Structures are given as C-alpha cells and as structure tokens.
Amino acid sequence: MVPHVFPAIVLSLVTLLATSHTDAREVSGVTLKEQVRLAPNGPVLSLNGAGLRRTFMIVKTYVGALYLENPSDDPAQVMNSQESKRMLFHVLLNRVSARKVARALRDALVLNVTDEAYKSLKPSVEQFLSMFDGTLHEGDECYIDYLPGVGTRVTVAGVDKGIIPGEAFYRAMLAIWVGDHPVSRTLKAEILGEKTKTAQASAWQRHRDN
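Its first residue numbered 8, the sequence shown is counted upward by one per residue in our numbering.
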C-alpha cells in the first residue's frame, strides 16, 4: 500500500466507526438524530454539530444542534447557503418562560447585525417573538427551519408556529450561534463540527503513536 494513502484510510475508518453503528448522537444526556428531513419528500439533513449552552458558566440551559444538507465548518457558508437547514435547541431547564427565551435570542441577534439591518428585520423579529408564549419545560424542543424559497418555519414544543417569509431573517438567526459575536464560542465550535474533527485527529494521532 502506498505510504501516504494509509493515514487517510485510517482517519476514514475512525470516522466510520464513530458514526456507522448509530443513528443518533448523545450530547449532555440528550439524544439527537444523525439525520432529519424537514418534509417527507425533502432532502436529508445531517447533524453538522451539537453542543451544550451554559449561562453563568454553570447553568445548563439547552443543547443546540445544527443540521445541514452539506455539512460545513465555514460560518459564512453555513449562514449564506440557500439549502434547507435546521437549528434545534433542546431545553434543559426545569421550566422557563418561552417569551424570555425568545427575547434572549433577539438580544443575541442584535449583536450580530448592523442597526440598519435590524430596522429591516424588526417586523420579522416581532413576528418571531409572538410565536413564543407560555412556558417551556425540560425536554421541550424548538426547531428553527429554513425552507428555501419560503422562509423560516418555527416549531415550539411540537407546535407549528408558522412561517416568517424571506431568507434574511434566518441568516441573522444563525448568526446568534455562528456569527462574529456568538452566544458561546465553545458552542459555535461544537455546532460547526470543529470539536468532532479535533477528536478524529486525536484518534489518528493515538493510532500513529501506537
């Protein structure tokens, strides 16, 4: 076997062994599907990455997960892609106001857009806020889906809350997690799959050392 080909084969085997025997991934006790569809006949989206969101360094708030048609670790490509996408967050708090969650997301969005851009997005932001009411409980999931040519579909705890038209709002929403000022740089790295690649590289290094 050609020497320089061997490392690539080993790394591929490490990746295969890490994913081929399961249809799900566990993050902080939360089981996440490796693949989803946004519609019965829609394209398959793969889990790009997932991680834990903490507040005040210790409070486990939610597990966030990003699904893409074509996995990528490039924030610009992720935000600007016109393909189907899903940002999921799985609530870990015992109970929390849904409106409080939405307002926190709005505040994070504001940090990632210009004042001028926010003015044009404000009607969409207000529509988004109106979709969150009542109380979220541990185990509830919220989906923020991008449907090409349609817009942002929001699902809160299993309830379809409707569509926010256009593409600009979804791009701004994704910036909350993968933009220049993310809610957590650790979570950003995790949902972009960077930590998975690091783990695979470490596995290859251990194999080589042995």
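Beta carbons: idealized from backbone N, C-alpha and C, even for Gly. Computed from a prediction, not measured in an experiment: that's the story for all the values here.
How about the stretch 142–161 and the stretch 80–92: do they share at least three Cβ pairs that are nearer than 8 Å?
Here the stretch 142–161 lies against the stretch 80–92, with 3 or more beta-carbon pairs under 8 Å apart.
By Cβ distance below 7 Å, which residues in the same chain neighbour His28 in space, the five residues on each side in sequence not counted?
Below a pLDDT of 50, predicted positions are generally treated as unreliable, and His28, at 43, falls in that range; no measurement from the model is reported.
Environment of Ile262 [buried if 16+ CB atoms lie within 10 Å]
Residue 262 lies beyond the range of the chain shown here (8 to 217); nothing can be said about it.
For Arg106, which option in Leu59, Gln84 and Leu143 has the closest C-alpha, if you only look at C-alpha atoms?
Closest option to Arg106, Cα to Cα, is Leu143.
Quick one: what's His188 bridged to in DSSP?
DSSP, once it has assigned bridges, lists no residue as partnering His188.
In the DSSP output, what is Asp152 paired with across the bridge?
Paired residue(s): Arg93 and Arg160.
For Pro82, which of Arg60, Asn119, Leu99 and Asn48 has the nearest alpha-carbon?
Comparing alpha-carbon positions, the option among Arg60, Asn119, Leu99 and Asn48 lying closest to Pro82 turns out to be Asn119.
Do the stretch 131–142 and the stretch 169–180 meet, that is, are 3 or more Cβ pairs less than 8 Å apart?
At 8 Å Cβ cutoff, the stretches touch.
Does the beta-carbon of Ser131 have 16 or more other beta-carbons within 10 angstroms, so that it is buried, or is it exposed?
So Ser131 counts as buried.
Between the Cα of Asp224 and those of Asp167, Ser53 and Asn48, spot the shortest distance and give me the residue it belongs to.
As displayed, the chain neither begins before 8 nor continues past 217, which places residue 224 out of reach and without an answer.
Just verifying my parser: in three-state terms, what is the DSSP assignment at Ser35?
It is coil, neither helix nor strand.
Are there 16 or more other CB atoms within 10 angstroms of the CB of Asn55, so buried, or fewer, so exposed?
Classification for Asn55: buried.
Taking just the CA atoms, how far does Ala179 sit from Leu73?
Counting only the Cα atoms, Ala179 lies some 15 Å from Leu73.
Taking Cβ to Cβ, would you say Val1 is nearer than 8 Å to Ile198?
Limits of the chain in this structure are 8 at one end and 217 at the other, which puts residue 1 out of reach.
Determine the closest residue to Gln200 out of Pro47, Asp167, Asn77 and Ala164, with distance taken between C-alpha atoms.
This sequence places Gly at residue 200; Gln is not what is there. With distances taken between Cα atoms, Gly200 lies closest to Asn77.
Measure the CB-CB distance between Arg44 and Val37 and report whether it falls below 8 Å.
Result no, Cβ atoms of Arg44 and Val37 do not sit closer than 8 Å.
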